[in-house]
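Just so we're aligned, residue -14 is where the sequence shown starts under our numbering, counting upward by one. For each residue, glycine too, the CB sits at the ideal point set by N, CA and C.
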Amino acid sequence: MASSTLAAFAKYGRFIKFSHTLFALPFAGIAFVLAVLQKPSLPLSVLGLKLFWILICMVGARSAAMGFNRWADKRFDAKNPRTANREIPSGQISDLMAGIFIVGSSLLFFLGSWFLNDLSFYLSFPTLFLLFTYSYTKRFTFLCHFYLGVTIGLAPLATWIAIREEFSWMAGLWTLGLAFNLAGFDILYALQDREFDRKEGLHSVPAHFGEKISIIISRISHILSAVLLGLAAWYAGLHGIFWAFWLLIVAFLTWEQSIAYKSKDGNFPPLFYQIHSWISIVIFLGILLEKGQDLIQLLRQGSI
């Protein structure tokens, strides 16, 4: 019984790539640290509950979005040798069970948003709509990579709203910086499917422009990402150790592009994906180390 339950969890974890959700959590952590340092401060009991519901929202929203994407793309996944062994086309998960999983994850996201504040709850519906509709953008536009970047990059702005119950241009800059980072990576990732996408009439930058121009567009996206993340840091008042981490981010983006240039067919080594996952962690650690003393001081006062 226990082994079958663990096997089921593992199967659904693979279905939604749960490990990617863990790497996405630092996106929320960026805004969380900066938002809690704003005045007026919040009692620790309130902050702890907000952190819990933010995590619930992150897991629910990303699980629902990934599940829906897998369901919406099942016909194409079944035709593509690279994706034919995914859970739905291979028959490991039925359409019915996928639907139940998507609905349950969506309700979890709505529930978490409801417990955060009214603004978060109202915005949870258009947010999930954006996450779901990404699956269809590739049917008609090569800008799908940037659409994906924005939808996933919304985490800092959404977290700021969850804590402060207001919009922030600073959080918006973090969102845009992460959006271009994700878009640049997704363009490179799509290189491996460019011929399949052309055959099936799907739109992507590689299918539309070819590998050389795609790499150039990805590089421009990563340059914009570095600039926007720098602007976000400056606007957030980060003037110390964070900038050493910002240089490390630039180095990682350069490294990622170097690997892509050497593997233009899209058959990237595992290191390529690892570097991409490190970037969000580096950003979060840079902010946490610079603002750590302020957080400790407020913890001692009993409120953040």
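The alpha helix (DSSP H) enclosing N70, as first and last residue numbers: That residue, N70, is in no alpha helix (DSSP H); it is neither H nor E in DSSP.
Identity of the residue in R67, F61, A140 nearest S265 by Cα: Relative to S265, the option among R67, F61, A140 whose CA is nearest is A140.
Considering only their Cβ atoms, is the gap separating S91 from S98 smaller than 7 Å? no
Could you pull out every residue in the same chain whose Cβ sits closer than 6 Å to the Cβ of S206, ignoring the five residues on either side in sequence? F165, A168, G169
Can you have a look at L232 and say buried or exposed, based on whether 16 or more other CB atoms are within 10 angstroms of its CB? exposed
Please tell me whether G162 and L214 are closer than 7 Å, where the distance is taken between their beta carbons. The answer is yes: Cβ separation under 7 Å.
With 16 as the cutoff for other CB atoms within 10 Å, does V21 come out buried or exposed? Of the residues assessed, V21 falls on the buried side of the cut-off, its CB having 16 or more other CB atoms within 10 angstroms.
Do S210 and F172 come within 7 Å of each other at the CB atom, strictly closer than that value? Correcting the residue identity first, residue 172 is Ile in this sequence and not Phe. Going by C-beta atoms, I172 is not nearer than 7 Å to S210.
Just the C-alpha distance for L270 and I15, rounded to the nearest angstrom, thanks. 9 Å
Short check: CB of S105 to CB of I73, under 7 Å? Result no, Cβ atoms of S105 and I73 do not sit closer than 7 Å.
Could you check whether T239 and H188 sit closer than 7 Å to each other, using their CB atoms as the reference points? no
The ligand ZN heavy atoms versus the CB of L96: any closer than 6 Å? As far as ligands go, the structure on display features none, and thus does not contain the ligand ZN.
Residue of N102, I148, T144, Y119 minimising C-alpha distance to G134: Y119
Complete runs of the alpha helix (DSSP H) confined to the segment 81 to 166 [at least 4 residues]: 103 to 122, 129 to 138, 140 to 149
F227 versus R60 - alpha carbon distance: 45 Å
How close, in whole Å, do the beta carbons of Y220 and F86 come, if the pair is a contact with beta carbons under 8 Å? Wrong, their Cβ atoms sit about 39 Å apart, outside the cutoff.
Using 10 angstroms around the beta-carbon of V88, count the other beta-carbons present and answer buried if the total reaches 16, otherwise exposed. With fewer than 16 other Cβ atoms within 10 Å, it is exposed.
Rounded distance between the beta-carbons of I1 and G33, thought under 8 Å: Incorrect: roughly 27 Å between the Cβ atoms, too far for contact.
For the candidate residues Y174, K123, Y107, L113, whose alpha-carbon lies nearest to that of E150? Y107
Which of the three DSSP states, helix, strand or coil, is assigned to N65? coil
So what's Q242 in DSSP terms, helix, strand or just coil? In the structure shown, Q242 sits in a helix (DSSP, three-state: H, G or I).
H130: buried (16+ other C-beta within 10 angstroms of its C-beta) or exposed? buried
Could you check the C-alpha separation between G195 and R179 for me, to the nearest Å? 8 Å
On the CB-based measure, 16 or more other CB atoms within 10 Å of its CB, does K197 come out buried or exposed? Residue environment for K197: exposed (fewer than 16 other C-beta atoms within 10 angstroms of its C-beta).
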